[in-house]
């Protein structure tokens, strides 16, 4: 049997590794459009910040690691067509010589493309997107050779805030422009504002409720124009306003798509076409709390979905248990993250959400180094069910793994109150007898009963 | 209604606070035998290490905080008898003038006493126990005035390893003596040995499989004698070999006791006697995995049980959902902890345990500061159910809150395999796309299928 996988990033590689783990005899071919299999896209900001010296370090595994498992890697190989009825794909290796590769089972893991807004001036050489290794090399070369003094980052999502940190570390004066009322609109405004204050204290200039209308190439640099009426002159513009599923290939083959053009899959990561699975940033993702599909491209999800697609493509029957939208980001000294639903998302989903938050120390304040962290919980009023949580604080305050306590609780549909029954670990240098997530639960209960 | 609480540490204070939270009108009196209400016993090693300058900082709340809630605090007040039939307690305020205090509801939270082994020489002035604030002051005074150069710590449990760290920080040469094959016998030998190596690298001398037979007062110091034949001359001996429930008062009143003399309570923290609840280190604790009672004195458990006893004493009906034995400790640069069952405990409980462990980075190794952490899982072979987990590594590697992911999973009786379905948070500076606890789950599955 021949398993062919289109795409060599998180989902594709995970599918290949899992298929190989379960079946030592099957033939596996992985096709990727560039020369960088299994690179950590999430690590790009830390390469561009200078915190990582060698870009090669970004590989989760080397080409050799992968090939030593008997997985055929075909680099710089574009799939130009999927012939679903014939069970074959057409390949182009850059020489415009099309060849065909037959498959028995196919996993589509073509990922996402960065959104390129249709702004005047977007094609200017001072304007950069950031998604692939090649994008990174282009930007790194520009940073090194042109030595820009200032940058405007359009979009204050995860990549935007990470890149504001990264470019500030390189002594570049950064202005971060965001349409929403605060940076990182994926968290509540109150927490977004806390992050914004922290970023401003580190020298980032932040403009919110600001919409970019045009980029004007001024020869030696660029002018960013926006509404309400403003203009910024800068040496570099980075556009990071999100991604969209890269599914033209699948669509042309008759694979059904849904939200934003993402591939429709069932809980087994199977598409509508025989012997074709799909996973990662190119698919619709089942959300465990919403009980429905959404578009939610995340590296962790891509790993899980890829692993499941690989398992099922070699005869398994494992279901994807759903995403909770768990996300965390480090910006300067802070980590901030979320899991589950925000209040307005919960309301849209038909819940009756109530929010409460506490700010307390990450560990007993009498032990040196305690830092304040803020935990905000969303719960459903009538049922008392936990719906979501957000945490912000110093990045060494165990923010990320405290979010994971909440994520695990959400997985099991716990009530807010029952968080108090969890037997969480405590020692004075690392927590409190009631962990901050439990203190937040107690606060939520007090707000509810008041 | 008058609620009387005997004991002013974690369980007693938690009971008082919860009762007050639920009922603003009830009269609440809290009786404690010393002058230190709500002090953090878990913080004593950090006071004695010099990391905390003022012992007053160890109070979770001040006397004023508690009294401002309308809770009557009676310090230095010993309860000499509980008259269950008459619903009253006898008090002695140190003047041997007995008085009576009537109650409607009583919570017994008398805690535990340190075990004082019946060794020759144990009464020597160079021998110290460590459990109360007064114990701490005695030891601190000795450290400051006598300036001991060396110390022998008998017992390498949590307090023993913490005090080895604390005294080493004070430039005292420490020998840690333990009967078991490794330090911290509450974790697997493999992990205990890793901690032992770390402690030895910091200058602690460790003697395992060593039993102390006598302490010999040599006038200016003390000789510790043991088997197999050895002798250590030292300036100070610290005996920290565990605690036992302090239940003489309750027993004399007819309260039923069980394991090691700990008070028998139901899931509602109710004793066998009318209107008497009990909580904390003086009671038997329901273990969620064993489905049975055990003696497992821990500060976190005392907080939970006290809160429940307080709630039920004012008319509530909340059950204690059980302990998982979750514990963590910081020693020098490391944190080490456990939740659930160890392999041999699981076997004793009738499971068919299989263990597997991985060592991986706490976050992506390409981002600076990554440190190795080891995650060991125990699962049940036939059912695949997760039974326990242990983690060791650098204390800033989110060890404690990773344990809590496992603890939350154990609470819900998850299988090892289903850990892979959890939507855990990831960003390169804080984790990997598969968190180390998930990598351990995948390793366990490979070991099982091999």
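Residue numbers (this note's numbering), protein chains in the order written: chain A, 27 to 476; chain B, 27 to 476. We put the beta carbon where it would ideally sit given N, CA and C, even for glycine.
Member of the options whose CA lies at the smallest distance from the CA of residue i
i                      : options                       : result
residue 395 of chain A : A/419, A/380 and A/408        : A/419
residue 321 of chain A : A/306, A/32, A/431 and A/251  : A/306
residue 137 of chain B : B/39, B/234 and B/224         : B/39
residue 414 of chain B : B/315, B/339, B/476 and B/400 : B/315
residue 178 of chain A : A/204, A/81 and A/54          : A/204
residue 147 of chain A : A/250, A/377, A/231 and A/475 : A/250
residue 286 of chain A : A/274, A/296, A/295 and A/279 : A/274
residue 121 of chain B : B/104, B/164, B/238 and B/127 : B/104
residue 309 of chain B : B/283, B/300 and B/294        : B/283
residue 301 of chain A : A/342, A/330, A/270 and A/171 : A/342
residue 378 of chain B : B/408, B/400, B/353 and B/401 : B/408
residue 81 of chain B  : B/142, B/167 and B/97         : B/167
residue 417 of chain B : B/144, B/465, B/440 and B/32  : B/465
residue 108 of chain B : B/214, B/304 and B/184        : B/304
residue 262 of chain B : B/401, B/369, B/193 and B/381 : B/193
residue 33 of chain B  : B/27, B/98 and B/124          : B/98
residue 271 of chain A : A/72, A/352, A/298 and A/311  : A/311
residue 277 of chain A : A/188, A/198, A/110 and A/401 : A/110
residue 67 of chain A  : A/185, A/115 and A/215        : A/185
residue 297 of chain B : B/330, B/339, B/313 and B/269 : B/339
residue 123 of chain B : B/106, B/113 and B/114        : B/106
residue 88 of chain A  : A/457, A/210, A/70 and A/65   : A/65
residue 92 of chain B  : B/206, B/112, B/397 and B/54  : B/54
residue 173 of chain B : B/198, B/189 and B/400        : B/198
Contact belief for residue i with residue j at Cβ below 8 Å, rounded distance in angstroms
i                      : j                      : result
residue 455 of chain B : residue 421 of chain A : 7 Å
residue 191 of chain B : residue 357 of chain B : 5 Å
residue 212 of chain A : residue 364 of chain A : 6 Å
residue 264 of chain A : residue 180 of chain A : 7 Å
residue 362 of chain A : residue 217 of chain A : 6 Å
residue 281 of chain B : residue 129 of chain B : The Cβ separation is near 14 Å, so there is no contact.
residue 410 of chain A : residue 384 of chain A : Wrong, their Cβ atoms sit about 18 Å apart, outside the cutoff.
residue 83 of chain A  : residue 392 of chain B : 4 Å
residue 182 of chain A : residue 165 of chain A : Not a contact, Cβ separation roughly 18 Å.
residue 200 of chain A : residue 230 of chain A : 5 Å
residue 63 of chain B  : residue 95 of chain B  : Incorrect: roughly 12 Å between the Cβ atoms, too far for contact.
residue 141 of chain B : residue 238 of chain B : 13 Å between Cβ atoms; not a contact.
residue 354 of chain B : residue 426 of chain B : 5 Å
residue 295 of chain B : residue 248 of chain B : Going by Cβ atoms, the distance from residue 295 of chain B to residue 248 of chain B rounds to 42 Å, so no, they are not a contact pair.
Counterpart residues of residue i in DSSP-defined beta bridges
i                      : result
residue 233 of chain A : A/203
residue 296 of chain B : B/303
residue 414 of chain A : A/366 and A/404
residue 32 of chain B  : B/57 and B/134
residue 140 of chain A : A/269
residue 419 of chain A : A/361 and A/399
residue 318 of chain B : B/313
residue 241 of chain B : B/250
residue 263 of chain A : A/153 and A/178
residue 125 of chain B : B/117
residue 283 of chain B : B/289
residue 256 of chain B : B/252
residue 441 of chain A : A/411
- Could you tell me whether the stretch 44-53 of chain A touches the stretch 74-85 of chain A, where touching means 3 or more Cβ pairs closer than 8 Å? no
- Taking only runs of the alpha helix (DSSP H) that begin and end inside the stretch 330-408 of chain A, which ones reach a length of at least 4 residues, in chain order? 369-374
- Message: Tell me whether the stretch 157-164 of chain B and the stretch 315-330 of chain B touch, counting them as touching only if at least three CB pairs, one residue from each stretch, are closer than 8 Å.
- Response: no
- Item | Given 8 Å, three or more beta-carbon pairs between the stretch 322-332 of chain A and the stretch 455-469 of chain B | yes
- Message: I'd like to know if the stretch 431-450 of chain B and the stretch 425-443 of chain A are in contact, where contact means that at least 3 CB-CB pairs between them fall below 8 Å.
- Response: yes
- Within the chosen definition, does the stretch 127-134 of chain A reach the stretch 243-258 of chain A through at least 3 CB pairs nearer than 8 Å? no
- Message: Under 8 Å, with one C-beta from each stretch per pair, do the stretch 255-268 of chain A and the stretch 286-294 of chain A reach the 3-pair mark?
- Response: no
- Task: Kindly provide the ranges of any beta strand (DSSP E) runs that are 3 or more residues long and lie completely inside the stretch 67-119 of chain B, ordered along the chain.
- Result: 97-100, 104-109 and 114-118
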